[in-house]
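Below is one structure, written out as structure tokens; the observations come after it.
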Ligand code: AP5
Ligand code: MG
């Protein structure tokens with residue numbers, strides 16, 4: 160069976176992390192999320208850690224040199240038999256770097272999963288999001304934990320992300336439309352793009368993605 164080298168693409172709050180939790184189990188893929196990697200990086204007591212924190216809190220993008228290095232190393236370490244990327248690539252230069260790194264190893268992206276959601280809905284979702292430090296995601300209204308403020312999976316406290324303040328959300332959406340959205344056309348032209356309506360409930364979105372990926376896998380085997 161061929162490798163599943165997948166990219167989850169979509170605006171902030173589209174449900175990339177939510178869907179990844181299911182897909183990584185469905186397909187046994189390592190989950191490589193640059194947002195999580197940068198949230199680890201920002202905790203470092205170093206000039207770099209402080210710089211990353213400042214950029215993230217403003218809603219901007221961390222420099223390519225920092226993000227790409229960490230991501231390519233993670234693929235090398237965990238992604239030999241396939242991977243699920245979340246939050247990467249986020250602009251053309253990162254997509255170029257990823258293509259080159261995979262090509263040098265005789266590999267390529269298998270599919271790009273685009274989750275589409277309206278901007279207004281995204282603002283609501285992010286304003287009510289809570290997550291634990293391991294990245295398990297909830298929503299105070301639509302997906303609350305059993306016990307308020309506590310993660311169902313690992314019992315860790317749930318927190319609001321620092322970049323989920325309304326003005327930062329707006330900036331992140333602007334950055335998405337300017338820098339990341341052009342990748343949709345790029346991957347569409349490359350025949351890799353699979354679009355999903357992220358306005359539906361999480362289970363429905365998951366069912367659709369799983370079905371599409373399973374079909375793609377079957378077709379590859381014929
Ligand atoms: P990152 O962590 O990647 O954040 P993001 O892309 O902005 O996306 P989010 O994690 O906010 O949203 P999501 O799509 O995962 O939604 P979720 O499932 O949580 O990046 C953060 C920062 O790191 C960046 O701003 C940047 O500074 C830096 N960074 C990261 N990668 C970088 C890169 N490559 N280059 C440079 N900088 C980088 O869901 C959201 C909420 O909605 C939850 O409450 C959830 O319960 C709810 N929800 C989910 N699905 C549904 C549904 N179908 N219906 C109703 N509610 C739903
Ligand atoms: Mg996420």
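Numbering (my numbering), first residue to last: 160 to 381.
Where is the CB? At the ideal position from N, CA and C, for every residue including glycine.
For residue i and residue j, I'd like the C-alpha separation in whole angstroms.
i: residue 205; j: residue 287; result: 31 angstroms
i: residue 298; j: residue 226; result: 28 angstroms
i: residue 318; j: residue 265; result: 41 angstroms
i: residue 208; j: residue 202; result: 6 angstroms
i: residue 176; j: residue 163; result: 18 angstroms
i: residue 341; j: residue 290; result: 29 angstroms
i: residue 354; j: residue 255; result: 21 angstroms
i: residue 315; j: residue 370; result: 33 angstroms
i: residue 143; j: residue 351; result: There is no way to answer for residue 143, as the model of the chain reaches only from 160 to 381.
i: residue 343; j: residue 273; result: 8 angstroms
i: residue 246; j: residue 304; result: 25 angstroms
i: residue 231; j: residue 197; result: 14 angstroms
i: residue 330; j: residue 262; result: 33 angstroms
i: residue 165; j: residue 271; result: 6 angstroms
i: residue 258; j: residue 250; result: 12 angstroms
i: residue 210; j: residue 283; result: 28 angstroms
i: residue 228; j: residue 221; result: 12 angstroms
i: residue 375; j: residue 161; result: 10 angstroms
i: residue 339; j: residue 378; result: 29 angstroms
i: residue 365; j: residue 296; result: 15 angstroms
i: residue 361; j: residue 240; result: 27 angstroms
i: residue 218; j: residue 235; result: 28 angstroms
i: residue 174; j: residue 168; result: 10 angstroms
i: residue 185; j: residue 195; result: 21 angstroms
i: residue 242; j: residue 191; result: 7 angstroms
i: residue 188; j: residue 311; result: 22 angstroms
Per DSSP, which one or two residues make a beta bridge with residue i?
i: residue 354; result: 273
i: residue 309; result: 316
i: residue 167; result: 245, 272
i: residue 191; result: 244
Near residue i, what residues of its chain come up, given a Cβ to Cβ distance below 8 angstroms and the 5 sequence neighbours on each side ignored?
i: residue 358; result: 275, 276, 277, 280
i: residue 216; result: 321, 322, 327
i: residue 325; result: 282, 286
Report all residues from its chain with a CB closer than 7 angstroms to the CB of residue i; omit the five preceding and five following residues, and keep chain order.
i: residue 252; result: 223
i: residue 335; result: 170, 171
i: residue 300; result: 287
i: residue 309; result: 316, 317
i: residue 368; result: 178, 182, 272, 355
Please go through the same chain and pick out, in chain order, the residues whose beta-carbon is closer than 6 angstroms to the beta-carbon of residue i, but skip the five residues on each side of it.
i: residue 193; result: 226, 230, 246, 247
i: residue 348; result: none
Inset, instruction - List in chain order: all unbroken alpha helix (DSSP H) runs of 4+ residues lying wholly within the region 253-302. - result: 278-286
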